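Chemist: Just so we're aligned, residue 1 is where the sequence shown starts under the UniProt record's numbering, counting upward by one.
Structure incoming, see below.
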Amino acid sequence: MTIALIGATGHIGSRLLAELSSRGHKVTAIVRNPENVPVLPGVAAVKGDVFDKDGLAKLLAGHDVVISAVHFTASDPKALIAAVKQSGAKRYLAVGGAGSLEVAPGAKLFDTPEFPAIYLDEARKGGAFLDLLKQEPALDWTFLSPSALIQPGERTGKFRLGGDQLLVDAAGKSAISTEDYAVALVDELEKPAHSRKRFTVGY
1 MTIALIGATG HIGSRLLAEL SSRGHKVTAI VRNPENVPVL PGVAAVKGDV FDKDGLAKLL
61 AGHDVVISAV HFTASDPKAL IAAVKQSGAK RYLAVGGAGS LEVAPGAKLF DTPEFPAIYL
121 DEARKGGAFL DLLKQEPALD WTFLSPSALI QPGERTGKFR LGGDQLLVDA AGKSAISTED
181 YAVALVDELE KPAHSRKRFT VGY
């Protein structure tokens with residue numbers, strides 16, 4: 001597939017780029033600084049601005065799928081979604097946050113007292129982004145939320161998938177490596193199972 005990856009040098013975006021390349025996909029890495037994109041098979045780096053709707057739409061045009069891996073506080077959700085629609089891309093996958101996942105019926109993770117204040121703005125904007133996607137009448141979107149803790153680690157390929165509820169293991173921990181998160185998202189790309197839905201991944 002031909003894939004446009006917005007935010008390809010970030011914490012999660014860089015792992016997605018490596019996973020996509022390793023599986024033989026053709027990827028356009030759209031970033032602010034193309035010189036920072038690693039040289040990988042099938043990868044072409046281009047400079048793009050997530051706030052420039054028309055310019056971004058032109059960069060996205062001609063791709064089968066668009067993936068965005070940008071911070072919600074460092075982008076304009078409406079402009080981003082509009083650019084994807086304008087580009088004519090068939091599918092849109094968004095790297096989501098864990099904050100909007102439910103920890104109990106009607107209770108979201110970012111509403112709990114333990115949720116770190118430093119991540120609250122990003123988490124709430126991620127929830128608002130998901131709400132915007134749910135209002136889209138035709139866009140074929142998927143929003144993948146990680147577990148509460150996501151950090152560099154091993155690519156095991158062994159994890160659980162869930163829906164809108166936070167995944168927690170037997171020890172009460174909610175975690176996923178960035179590498180396994182990338183596996184789950186590229187799996188979804190190759191074999192769609194969550195069209196117009198949010199899902200989550202964890203151990």
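Glycine residues also receive a C-beta, built at the ideal position from the N, C-alpha and C atoms.
On a predicted model such as this, the values are computed, not experimentally measured, just so you know.
Restricting to Cα atoms, I'd like to know which of V43, G99, V50 and T73 is closest to A83.
Modeler: By 1-based counting over the sequence shown, the position of residue 83 is 83. For the residues V43, G99, V50 and T73, the minimum Cα distance to A83 belongs to V50.
Chemist: Tell me the residue span of the beta strand (DSSP E) that contains A104.
Modeler: What you label residue 104 is simply residue 104 of the sequence shown in a count that begins at 1. Unbroken beta strand (DSSP E) run through A104: E102 to A104.
Chemist: Taking DSSP as the reference, what is the three-state secondary structure of I150?
Modeler: Within the sequence shown, the letter at position 150 stands for residue 150. I150 falls in the strand class under three-state DSSP.
Chemist: With distances taken between CB atoms, is the gap from V70 to Y92 smaller than 8 Å?
Modeler: Here the question's residue 70 lines up with position 70 in the sequence shown. Here the question's residue 92 lines up with position 92 in the sequence shown. Contact: no.
Chemist: Taking Cβ positions, are G99 and A74 nearer each other than 8 Å?
Modeler: Counting from one through the sequence shown, the residue named residue 99 turns up at place 99. Counting from one through the sequence shown, the residue named residue 74 turns up at place 74. Contact flag unset, no.
Chemist: Return the chain-ordered list of same chain residues with a C-beta closer than 6 Å to the C-beta of A94, the five sequence neighbours on each side being excluded.
Modeler: Stepping through the sequence shown from its first residue, residue 94 is reached at position 94. Same-chain partners within the cutoff: S68 and F143.
Chemist: In terms of DSSP beta bridges, what is F143 paired with?
Modeler: Counting from 1 along the sequence shown, the entry for residue 143 is found at position 143. Answer is A94 and R198, bridged to F143.
Chemist: Take P152 and list the residues in its own chain whose beta-carbon comes closer than 6 Å to its own, dropping the five residues that flank it on each side.
Modeler: In the sequence shown, counting from the first residue as 1, residue 152 sits at position 152. Excluding residues within five positions, the ones whose Cβ falls inside 6 Å are T178.
Chemist: Would you kindly check if the distance between the Cβ of L167 and the Cβ of G202 is under 8 Å?
Modeler: Residue mapping note: residue 202 aligns to position 202 of the sequence shown, counting from 1. Residue mapping note: residue 167 aligns to position 167 of the sequence shown, counting from 1. Going by C-beta atoms, G202 is nearer than 8 Å to L167.
Chemist: Just mark K158 as buried or exposed, buried being the case when its beta carbon has 16 or more other beta carbons within 10 Å.
Modeler: Here residue 158 refers to the residue found at position 158 when the sequence shown is read from its first residue. It is exposed - the Cβ of K158 has fewer than 16 other Cβ atoms within 10 Å.
Chemist: With which residues is V183 paired in a DSSP beta bridge?
Modeler: In the sequence shown, residue 183 corresponds to position 183, counting from 1. Note: V183 sits in no beta bridge, so no partner.
Chemist: Would you list the residues sitting across from Q165 in a DSSP beta bridge?
Modeler: Working through the sequence shown from its first residue, we reach residue 165 at position 165. According to DSSP, Q165 bridges with E102.
Chemist: From the DSSP output, in three-state form, read off I12 for me.
Modeler: The count along the sequence shown starts at 1 and reaches residue 12 at position 12. Coil, per DSSP.
Chemist: Taking C-beta to C-beta, are A4 and H63 nearer than 8 Å?
Modeler: As a first step, residue 4 must be located in the sequence shown, where it is residue number 4. As a first step, residue 63 must be located in the sequence shown, where it is residue number 63. Closer than 8 Å, so yes.
Chemist: Report the residue from S174, H25 and L161 whose alpha carbon sits nearest the alpha carbon of H194.
Modeler: The count along the sequence shown starts at 1 and reaches residue 194 at position 194. Cα-wise, what sits closest to H194 is L161.
Chemist: Could you have a look at T112 and say whether DSSP puts it in helix, strand or coil?
Modeler: Numbered from 1 along the sequence shown, position 112 holds the residue referred to as residue 112. In the structure shown, T112 sits in coil (DSSP, three-state: anything other than H, G, I, E or B).
Chemist: Check each candidate in D131, G96 and L56 and name the one with the smallest Cα separation from L80.
Modeler: Taking the sequence shown and counting its residues from 1, one reaches residue 80 at position 80. If we check each option's Cα against that of L80, L56 comes out closest.
Chemist: Is it buried or exposed, G24, if we count other Cβ atoms within 10 angstroms and call 16 or more buried?
Modeler: Position 24 of the sequence shown, counted from the first residue, corresponds to residue 24. Exposed: under 16 other Cβ atoms inside 10 Å.
Chemist: Identify whether R124 lies in helix, strand or coil by the three-state DSSP scheme.
Modeler: Translated into positions along the sequence shown, residue 124 becomes position 124. Helix.
Chemist: Residue 204 and S147: beta carbons closer than 8 Å?
Modeler: Nothing can be reported for residue 204: it is not among the residues displayed for the chain, which extend from 1 to 203.
Chemist: For a quick check, are the C-beta atoms of E17 and L40 less than 8 Å apart?
Modeler: Numbered from 1 along the sequence shown, position 17 holds the residue referred to as residue 17. Numbered from 1 along the sequence shown, position 40 holds the residue referred to as residue 40. Here residue 17 turns out to be Leu, not Glu, going by the sequence shown. Against a cut-off of 8 Å, the Cβ pair of L40 and L17 comes out as a contact.
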